[in-house]
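Residue numbers (this note's numbering): 14 to 207. No residue lacks a Cβ here, since even glycine has one placed at the ideal position from N, Cα and C. Okay, so here's the structure we're looking at.
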Amino acid sequence: MMWWVKARRAHTVLPATLGLFALLLVFLQGDSVALPSLTSGATHVVLALFIPIPLVSGLALCLDTRLHADESTAIRPVRYLDCGLVITVAVVAAAMSTLAGGALGDPAIQAVGRNTLFLTGLMLIGRALFGLPGVLLPTAWILAVCLCGFRPGNDAYPWTVLPEPLGAPHAAAGAVLMFGAGLVVQIRYTRTPS
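Below, the structure written as structure tokens:
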């Protein structure tokens, strides 16, 4: 078990990215930026949409750091250990955003946990389909949301999931489904080293 943690660099990468995640939750509350949009002119995007990116990237780095020879002959179920790591990080991130959003009274910060689930699932699917470049899929999703995810009046389309309000049931269902699909893909279809 200890070799797996050290091979994944989970003991160094994840505490740093979770610390950055916590700092961003506190310092980016309620801030927004005007960005150009292809569908509605200029939109005001809440900066909290970008908070999950360092954490999801750090998690992808941990999952892609491996000892190929040892893992190909391992008796322990490495894929299930990886899924346990993903679930643990997602639960910690959701709890941190819920606590920070509740303490600060900011529903956008509380929605960061939901968005982290969605983007983590998207990253897991992207890794399985495209390998290392698939890690960029969550960032590409956020850019697509910023460029063409808003109607005039700064109203987000339902497919965007990320900028939807905290209580939107379709956004919560989409995040849970994407996260679940990512876990299934992680277990069943993760690329093995050749």
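If distances are taken between C-alpha atoms only, which option among the options comes closest to residue i?
{"i": "R201", "options": "A107, V91 and V125", "result": "V91"}
{"i": "H1", "options": "G162, L190 and A185", "result": "Because residue 1 is not part of the residues shown, which for the chain are 14 to 207, the question remains open."}
{"i": "D77", "options": "L41, R21 and F192", "result": "R21"}
{"i": "L31", "options": "S50, S45, A107 and S53", "result": "A107"}
{"i": "L149", "options": "V39, L112, T129 and A73", "result": "A73"}
{"i": "E177", "options": "A61, P49 and L37", "result": "A61"}
{"i": "T129", "options": "A185, L142, Q42 and P28", "result": "A185"}
{"i": "A141", "options": "T52, L41, V198 and L48", "result": "V198"}
{"i": "S110", "options": "P49, Q42 and F143", "result": "Q42"}
{"i": "V39", "options": "I138, P120 and F192", "result": "P120"}
{"i": "V18", "options": "P182, D95 and D44", "result": "D95"}
{"i": "L37", "options": "A181, P67 and M191", "result": "P67"}
{"i": "A29", "options": "A55, S45, S70 and L190", "result": "S70"}
Check for me: the alpha helix (DSSP H) holding residue i runs from which residue to which?
{"i": "T152", "result": "L150 to C161"}
{"i": "A195", "result": "Contrary to the premise, residue 195 reads as Gly rather than Ala in this sequence. Counting along the chain, the alpha helix (DSSP H) containing G195 begins and ends at P182 to Y202."}
{"i": "G166", "result": "Where G166 is concerned, there is no enclosing alpha helix (DSSP H), given that its DSSP letter is neither H nor E."}
{"i": "L72", "result": "P65 to D77"}
When the distance is taken between beta carbons, is residue j closer than 9 Å to residue i?
{"i": "G114", "j": "V104", "result": "no"}
{"i": "P146", "j": "L132", "result": "no"}
{"i": "L134", "j": "A194", "result": "Residue identity differs from the one stated: residue 134 is Gly in this sequence, not Leu. Cβ distance < 9 Å, so G134 and A194 count as in contact."}
{"i": "G166", "j": "S50", "result": "no"}
{"i": "I155", "j": "F34", "result": "no"}
{"i": "L196", "j": "Q123", "result": "no"}
Along the beta strand (DSSP E) that carries residue i, what are the first and last residues, could you check?
{"i": "T111", "result": "Premise fails: T111 lies in the alpha helix (DSSP H), V91 to L117, not in any beta strand (DSSP E)."}
{"i": "T129", "result": "Counting along the chain, T129 falls outside any beta strand (DSSP E), though it belongs to the alpha helix (DSSP H) covering P120 to F143."}
{"i": "V59", "result": "G54 to V59"}
Is there at least one Cβ from chain B nearer than 9 Å to residue i's Cβ?
{"i": "V198", "result": "In the structure shown, chain B does not exist; there is a single protein chain."}
The region 92-111 / the region 147-166 touching (three or more Cβ pairs under 8 Å): Cβ pair count under 8 Å is below three, so no.
Entirely enclosed beta strand (DSSP E) segments - the region 23-52, minimum 3 residues: If we require 3 residues or more, the beta strand (DSSP E) runs fully inside the region 23-52 come out as 45-50.
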